[in-house]
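In UniProt numbering, the protein residues as written are 1 to 405.
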């Protein structure tokens with residue numbers, strides 16, 4: 001099928017592109033679906049100085065190298081927006097805004113994050129005309145002008161200090177009392193010692209003013225309730241990031257209250273064959289280098305999953321010999337004891353069965369397929385078709401009798 005792939009990666013930022021490189025190199029038919037510019041937020045960064053091997057490189061140039069590398073391994077790219085997914089079956093289904101459907105054995109979520117909006121009057125209307133969310137992208141456009149920064153966390157203060165390299169003056173609007181910032185102490189100390197950085201405390205921005213371009217902001221003092229206007233030519237919002245995972249709401253994928261996806265060390269989600277990498281997952285560091293590492297890990301894990309899936313289909317579903325699917329959980333002693341008993345019976349008797357062990361912790365889809373919710377459990381297959389289930393008794397003779405009949 002033209003729309004059927006081994007691996008589909010949703011998102012074309014550093015995590016997605018890194019995963020694509022590993023997927024393509026592993027000879028998996030790989031598709032990257034990305035709704036925006038290839039490179040994600042990294043593509044909007046003017047200068048990157050902390051990616052290994054590049055003393056200094058622009059975000060667009062680095063992402064161009066990632067893209068070319070993935071293409072060299074035959075990875076396919078599609079510029080569309082994913083609006084829904086169905087992870088309930090072995091073949092995952094991806095649906096786009098244009099009504100197309102794609103199928104994959106494994107899916108990597110690498111859809112990243114986006115700036116949080118305050119949704120105040122003037123913010124959306126003047127975006128790109130003085131309203132900005134990335135200092136390294138846009139600070140140079142405010143050479144010699146007055147700029148307002150909204151926020152007081154690490155990103156806001158550090159980006160604010162970067163903007164002072166270009167702007168005449170940078171005013172930071174802070175919700176808290178005087179002297180209290182949400183950033184780390186080192187950045188706070190540097191900010192207070194920066195002569196071009198000023199602060200307005202106990203305040204919030206209620207409106208961005210201007211017709212075609214930003215001309216100022218309307219401020220509200222949270223203690224007195226009074227409002228005032230502050231002239232400026234640019235407003236940078238740094239009030240946090242949100243993961244681009246809204247389309248996953250009804251997918252069955254576990255997400256935290258903010259929408260980030262928790263994973264294990266292999267980037268596996270709670271759903272078998274579905275992985276998350278980069279800024280949309282729960283993690284400590286959100287940088288290009290860590291996103292690339294996530295993508296590589298996820299792709300290697302996906303490759304192994306696909307191989308195991310093919311192996312199961314070939315050796316079990318297409319096998320002429322009867323098969324015992326033995327479901328177990330290493331945390332349940334009863335299931336381990338039963339497995340030992342079953343192996344002992346096999347060693348003692350000649351039989352016509354093949355054993356395939358299924359770890360409930362890692363093969364959730366297989367457990368769901370056969371409706372297994374507790375262990376030990378044994379499903380007997382004949383040429384891929386279920387013929388019976390064993391009573392998982394610890395009585396050796398009773399168990400042996402079930403196998404011989």
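Ideal Cβ positions, reconstructed from N, Cα and C, are used throughout, including at glycine. Small disclaimer: the values here were computed from a predicted structure and weren't measured.
Going by DSSP, what residues sit across from residue i in a beta bridge?
i	result
residue 228	219
residue 386	381
residue 353	322
residue 171	148 and 198
residue 234	147
residue 328	359
residue 103	4 and 93
residue 182	Beta-bridge pairing links residue 182 to no other residue.
residue 108	9 and 275
residue 48	57
residue 281	261
residue 131	127 and 235
Can you tell me whether residue i is buried or exposed? The criterion is at least 16 other CB atoms within 10 Å of its CB, across all chains shown.
i	result
residue 141	exposed
residue 298	buried
residue 99	exposed
residue 56	exposed
residue 405	exposed
residue 6	buried
residue 311	exposed
residue 320	exposed
residue 363	buried
residue 237	buried
residue 279	buried
residue 245	buried
residue 344	exposed
residue 349	exposed
residue 271	buried
residue 268	buried
residue 186	exposed
residue 294	buried
So, using beta-carbon positions, are residue i and residue j closer together than 7 Å?
i	j	result
residue 222	residue 228	no
residue 127	residue 242	no
residue 92	residue 306	no
residue 274	residue 75	no
residue 143	residue 131	no
residue 277	residue 110	yes
residue 194	residue 164	yes
residue 300	residue 281	no
residue 40	residue 48	no
residue 30	residue 36	no
residue 292	residue 18	yes
residue 379	residue 386	yes
residue 152	residue 177	no
residue 87	residue 251	yes
residue 235	residue 261	no
residue 149	residue 156	yes
residue 231	residue 216	yes
Which same chain residues, not among the five before or five after residue i, have their C-beta less than 6 Å away from its C-beta?
i	result
residue 357	326
residue 288	14, 42 and 51
residue 374	none
residue 20	9, 30, 32, 70 and 75
residue 381	323
residue 402	390
residue 370	379
residue 85	94 and 251
Let's see if you can read the secondary structure: which residues bound the alpha helix (DSSP H) around residue i?
i	result
residue 68	59-72
residue 273	Note, residue 273: premise wrong, no alpha helix (DSSP H); not H, not E.
residue 77	Per DSSP, residue 77 belongs to no alpha helix (DSSP H); it is in the beta strand (DSSP E), 76-78.
residue 444	Because the chain in this structure spans residues 1 to 405, residue 444 falls outside the shown range and cannot be described.
residue 335	333-348
residue 461	Lying outside 1 to 405, the shown extent of the chain, residue 461 is not represented and no answer is given.
residue 376	No alpha helix (DSSP H) contains residue 376, which DSSP labels as neither H nor E.
residue 306	288-312
residue 401	396-404
residue 138	135-138
What residue range is occupied by the uninterrupted beta strand (DSSP E) comprising residue i?
i	result
residue 203	203-209
residue 30	30-33
residue 114	113-115
residue 14	No beta strand (DSSP E) contains residue 14, which is instead part of the alpha helix (DSSP H) from 14-25.
residue 86	82-86
residue 121	It is not in any beta strand (DSSP E) - residue 121 carries neither H nor E in the DSSP assignment.
residue 243	241-243
Does the beta carbon of residue i sit closer than 7 Å to a beta carbon anywhere in chain B?
i	result
residue 25	Absent from the structure: chain B. Only one protein chain is present.
Starting from the C-beta of residue i, find all residues in its chain whose C-beta is less than 8 Å away, skip the five residues before and the five after it, and write them out in chain order.
i	result
residue 341	394, 396 and 399
residue 360	327, 328, 329, 367, 372 and 375
residue 101	3, 93, 94 and 95
residue 175	152, 202, 203, 204 and 222
Which residues in the same chain have their Cβ closer than 7 Å to the Cβ of residue i, if we skip the five residues on either side of it in sequence?
i	result
residue 136	45, 46, 47 and 162
residue 81	35, 96 and 97
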